[in-house]
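Notes to accompany the following structure.
Residue numbers (the working numbering), protein chains in the order written: chain W, 226 to 336; chain G, 32 to 144.
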């Protein structure tokens, strides 16, 4: 069966520090992969999606970047975190035409 | 642009009460509509969906009807249980892939025994 792993569950980082959140999917091949963020008081916002290795589409301009070094690995990064980067980050996957499956999320607090 | 508005929470109900969580949307074209649910300590998961006007999505006793004339997709359940306590998100899809979703802010439901 397919599973999605996302870690860490919580993270506290100082302003200006780097960030790396990792997401891996098991049990499927060539999935679409997504990073979403929910900032306080706002809905879930799509940040990046990827339809294949090395293929990244950004939905909104921001301080973050994403990479897909392997078929089932999706990484969210930042060189220097801002206070506004605080939020709940969710990784998700889908096979085109089918429903979306989410990870359990990472609560990021930038202080 | 595309957007989703859902009722603010939290919502607290007694077991067996009737539930309605309102959701309205703004979209160009004809999006698909979804309700996702996040149970405590778990990831988001799809609850139900509707892909065209007048479609009714249903699952686990929950229902929602795609109303194009009112641009709404309200979630209903006739008799809630304690196990339904969760955060519910309304969403619409765009861009030809179900991963390109726009979500509402979420509504937290607490059901008391």
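Beta carbons: idealized from backbone N, C-alpha and C, even for Gly.
Excluding the 5 residues flanking residue 137/G on each side, which residues of the same chain have their C-beta closer than 6 Å to its C-beta?
Taking the second chain and counting its residues from 1, the one referred to as residue 137/G is at position 106. The answer, listed in chain order, is 118 and 120.
From residue 237/W to residue 334/W, what distance separates their C-alpha atoms?
Taking the first chain and counting its residues from 1, one reaches residue 237/W at position 12. Taking the first chain and counting its residues from 1, one reaches residue 334/W at position 109. For residue 237/W and residue 334/W, the gap between their C-alpha atoms comes out near 5 Å.
On a CA-only basis, which of 105/G, 132/G, 141/G and 103/G is nearest residue 116/G? Give me that one, please.
In the second chain, the residue the question calls residue 116/G occupies position 85. If we check each option's Cα against that of residue 116/G, 141/G comes out closest.
Consider the Cβ of residue 35/G: report whether some Cβ of chain W lies at a distance smaller than 9 Å.
Locating residue 35/G in the second chain gives position 4, counting from the first residue. Residue contact check for residue 35/G against chain W: a CB pair falls below 9 Å.
Among the residues of its own chain, which have a CB less than 7 Å from the CB of residue 79/G, if the five just before and after it don't count?
Your numbering for residue 79/G matches position 48 in the second chain. 66, 88, 89, 90, 93 and 95, listed in sequence order.
Under 8 Å (Cβ pairs) to chain W, residues found in the segment 93 to 123 of chain G
Only those residues of the segment 93 to 123 of chain G whose C-beta falls short of 8 Å from the nearest C-beta of chain W are listed: 120 and 122.
What's the gap between the Cα of residue 52/G and the Cα of residue 289/W?
Residue 52/G sits at position 21 when you count from the first residue of the second chain. Residue 289/W sits at position 64 when you count from the first residue of the first chain. Taking the straight line from one Cα to the other gives about 33 Å.
Looking at chain G, is there any beta carbon in it that lies within less than 9 Å of the beta carbon of residue 311/W?
Against the first chain, residue 311/W aligns to sequence position 86. Interface annotation, residue 311/W: not in contact with chain G, CB-CB separation never under 9 Å.
Which listed residue (275/W, 259/W and 246/W) has its alpha carbon closest to that of residue 269/W:
In the first chain, counting from the first residue as 1, residue 269/W sits at position 44. Closest option to residue 269/W, Cα to Cα, is 259/W.
What does the alpha-carbon distance come out to for the pair residue 84/G and residue 102/G?
Taking the first residue of the second chain as 1, we reach residue 84/G at position 53. Taking the first residue of the second chain as 1, we reach residue 102/G at position 71. Their Cα atoms are separated by approximately 9 Å.
My guess is that residue 257/W and residue 274/W are in contact by the Cβ rule of under 8 Å, so how many angstroms apart are they, rounded?
If you number the first chain from 1, residue 257/W lands on position 32. If you number the first chain from 1, residue 274/W lands on position 49. Yes, residue 257/W and residue 274/W are in contact; Cβ-Cβ is about 6 Å, under 8 Å.
Give every residue of the same chain whose Cβ lies closer than 6 Å to the Cβ of residue 325/W, excluding the five residues on either side of it in the sequence, and list them in chain order.
Numbered from 1 along the first chain, position 100 holds the residue referred to as residue 325/W. Cβ contact annotation for residue 325/W (same chain, cutoff 6 Å, sequence separation greater than five): 317 and 319, in chain order.
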